[in-house]
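Undergrad: Sequential numbering from 1 applies to the sequence shown in UniProt numbering. We put the CB at the ideal spot given by N, CA and C, even for glycine.
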Amino acid sequence: MYGTPDAPGIVPRITEDLFSLIAGKKASNSLISVHLNYFEIYKEKINDLLQDKKPAPQVCCV
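Listed below in structure tokens is the structure:
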């Protein structure tokens, strides 16, 4: 996803394109807000990669 300096992956390419577009809109006196979500699908499960990882709750059976 991140690639190498010689062959950047999708994340750096999208980031560069997005902020290049935003820089081009500055002259129009627009208010621009960026909100990002970053998900992966792994083994049919969706994971939010920007959410803090919380340890699984401990279950105790007596």
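How close, in whole Å, do the beta carbons of Ile10 and Met1 come, if the pair is a contact with beta carbons under 8 Å?
TA: Ile10 to Met1, Cβ: 6 Å. Contact.
Undergrad: When DSSP builds the beta bridges, which residues end up paired with Lys45?
TA: Looking at the DSSP assignment, Lys45 forms a beta bridge with Tyr42.
Undergrad: Report yes if the CB atom of Tyr38 is closer than 8 Å to the CB atom of Leu21, and no otherwise.
TA: For Tyr38 and Leu21, no; Cβs fall outside 8 Å.
Undergrad: Looking at the secondary structure, which residues open and close the alpha helix (DSSP H) in which Asp52 lies?
TA: Asp52 -> no alpha helix (DSSP H), and no H or E assigned at all.
Undergrad: Can you confirm whether Leu31, when its beta carbon is compared against all beta carbons of chain D, has any partner nearer than 8 Å?
TA: The chain labelled as chain D is not found in the depicted structure, where only one protein chain is given.
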